[in-house]
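For reference, the structure is listed below as structure tokens.
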Amino acid sequence: MKRALRLLRLPAAALLLAAAIALAGPRRVWDALSGADPRWLLAGLACAIAANLVSALRWRALCDWLGMRAPAGWAVRVYFQGVAVNALLPGAVVGGDVLRAWRLRALGHPGLEAGLSVLLDRISGLWMLIVLGALALAQGLREAGTPAAAAIAGAWPAAMPIGPAPAALLAAISMLVLPWLALSLALRAPVRDGAGRLGRLRAALARRGLSGPYALQALLSAAVQLLSAGALLCALRALGADLPAWAVAVAAVPIFLMATLPVSFGGWGTREAAAAITLGALGTPAAVAVTGSVVYGAYALVQALGGWMSGGARSEAVEPR
């Protein structure tokens, strides 16, 4: 049954992508793509590659905090292999995460820590995506006169006591501080005798400290999401869209979130549907929005080829700490 559902993701992605292109207009999509500026396209690809390089270093930093040694070159290679699995096999981002955990196990690291590293890495990225989206929203709502700002301000509840821009800024600050407070309290709680592996891991993390690793994760995740949003911005600029950077950062939240849903193939279809709706609401023509999302997806395919070719690379043996 599960195998059948996985196989259904390919036609589901094709149908969703075809529907998005049909609604945008196939001829308009082709015209937008054929007239794309190659300089912006290459800049977007560079941003996308840089985002995954920093992502690999962020995952390695998490591994280090969890007590697992992983060489930087190994982490980058395995991360791009995960990108290949995500882009070329059904299952959205799940397959690449499983691969990374399995490769950590192959280094001799415990399964609990290996699985936790990819889970926390995924949460770290999504967390900072939303934080930066809220910060971008706060900035955008301060800019009067732009169509994108007018579209967002018109959809915001008018009864907001402190105003939409301060509310977005407060939400971003809260999302930065509250997880740190929750983790601090969790790590400070006493570990009972017989708590098992999870309890021992919690005690070890408490000894290693939280503030430094937390700040590093926030910094690296912010860099990843800024580069990812930059890749989307470059793709749209290549097609002639003139949305401000903050508006693209806001739109990136639903676009990237929809691409992670394990209901299609490599994020195709769900990402384009979200782009058509979100960017369209900000004043971007549907054809440009869908084509920009397709270009962004193509960046992952280019990187997937490199990751796939590195799949035969040797796996170094590293003693776990």
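As numbered in mature numbering (1 follows the signal peptide of the UniProt record, and there is no 0), residues -24 to -1, 1 to 297 make up the sequence shown, in order.
We put the CB at the ideal spot given by N, CA and C, even for glycine.
1) Note down the Cα distance separating Tyr55 from Arg34, rounded to an integer number of angstroms.
2) Applying the criterion that 16 or more other CB atoms from any shown protein chain within 10 Å of the CB defines a buried residue, is Ile99 buried or exposed?
3) For Val200 and Leu105, what's the separation of their Cα atoms in angstroms?
4) State buried or exposed for Leu111, treating a residue as buried only when at least 16 other CB atoms are found within 10 Å of its CB.
5) Is the stretch 231 to 241 touching the stretch 140 to 149, taking contact as three or more C-beta pairs under 8 Å?
6) If you reduce the DSSP assignment to three classes, tell me which class Met44 lands in.
7) At what residue ranges does the stretch 239 to 295 contain a whole run of the alpha helix (DSSP H), taking only runs of 4 or more?
8) Taking C-alpha atoms, which residue in Ala77, Leu108, Gly101, Ala82 lies nearest to Ser93?
9) Could you check what DSSP says for Pro14 in three-state terms: helix, strand or coil?
10) Sorted by chain position, which residues of the same chain lie with C-beta nearer than 6 Å to Ser204's C-beta, five sequence neighbours on each side aside?
11) Taking the C-alpha atoms as reference points, what is the distance between Asp40 and Tyr190?
12) Which class does Ala217 belong to by DSSP, given the choice of helix, strand or coil?
13) Count the other CB atoms, across all protein chains shown, that sit within 10 Å of the CB of Ala135; report buried if there are 16 or more and exposed otherwise.
14) What first and last residue would you give for the alpha helix (DSSP H) that runs through Leu88?
15) Smallest Cα separation from Arg79: which of Trp50, Gly175, Gly282?
16) Considering only the beta carbon of each residue, do Leu159 and Leu186 sit closer than 7 Å?
17) I'd like to know whether the C-beta atoms of Glu89 and Leu42 end up nearer to each other than 7 Å.
18) Answer yes or no: do Leu255 and Ala227 have a C-beta to C-beta separation smaller than 7 Å?
19) Quick check: Leu29 and Ala280, are their CB atoms within less than 7 Å of each other?
20) Which word fits Leu113, buried or exposed, when buried means at least 16 other C-beta atoms lie within 10 angstroms of its C-beta?
21) How big is the Cα-Cα spacing for Ala179 and Met44?
Considering the structure as presented:
1) For Tyr55 and Arg34, the distance between alpha carbons rounds to 10 Å.
2) Classification of Ile99: exposed, given that the 10 Å Cβ count is below 16.
3) For Val200 and Leu105, the distance between alpha carbons rounds to 9 Å.
4) Buried is the label assigned to Leu111, since at least 16 other Cβ atoms lie within 10 Å of its Cβ.
5) Touching, no, given that fewer than three Cβ pairs across the two stretches are closer than 8 Å.
6) Three-state result, Met44: coil.
7) If we require 4 residues or more, the alpha helix (DSSP H) runs fully inside the stretch 239 to 295 come out as 246 to 257, 262 to 285.
8) Put simply, of Ala77, Leu108, Gly101, Ala82 the residue whose alpha carbon is nearest the alpha carbon of Ser93 is Ala77.
9) In the three-state reduction of the DSSP assignment, Pro14 falls in the helix class.
10) Same-chain partners within the cutoff: Ala27.
11) Whole-angstrom Cα-Cα distance: 12 Å.
12) Ala217 falls in the coil class under three-state DSSP.
13) Only weak support exists for where Ala135 lies, its pLDDT of 41 falling under 50; the value from the coordinates is given anyway. Only exposed fits Ala135, as fewer than 16 other CB atoms lie within 10 angstroms of its CB.
14) Residues 87 to 117.
15) Comparing alpha carbon positions, the residue from Trp50, Gly175, Gly282 closest to Arg79 is Trp50.
16) With contacts defined by Cβ atoms closer than 7 Å, Leu159 and Leu186 form a contacting pair.
17) Cβ atoms of Glu89 and Leu42: closer than 7 Å.
18) The Cβ atoms of Leu255 and Ala227 sit closer than 7 Å to each other.
19) Contact: no.
20) Buried.
21) Distance between Ala179 and Met44, taken at the CA atoms: about 15 Å.
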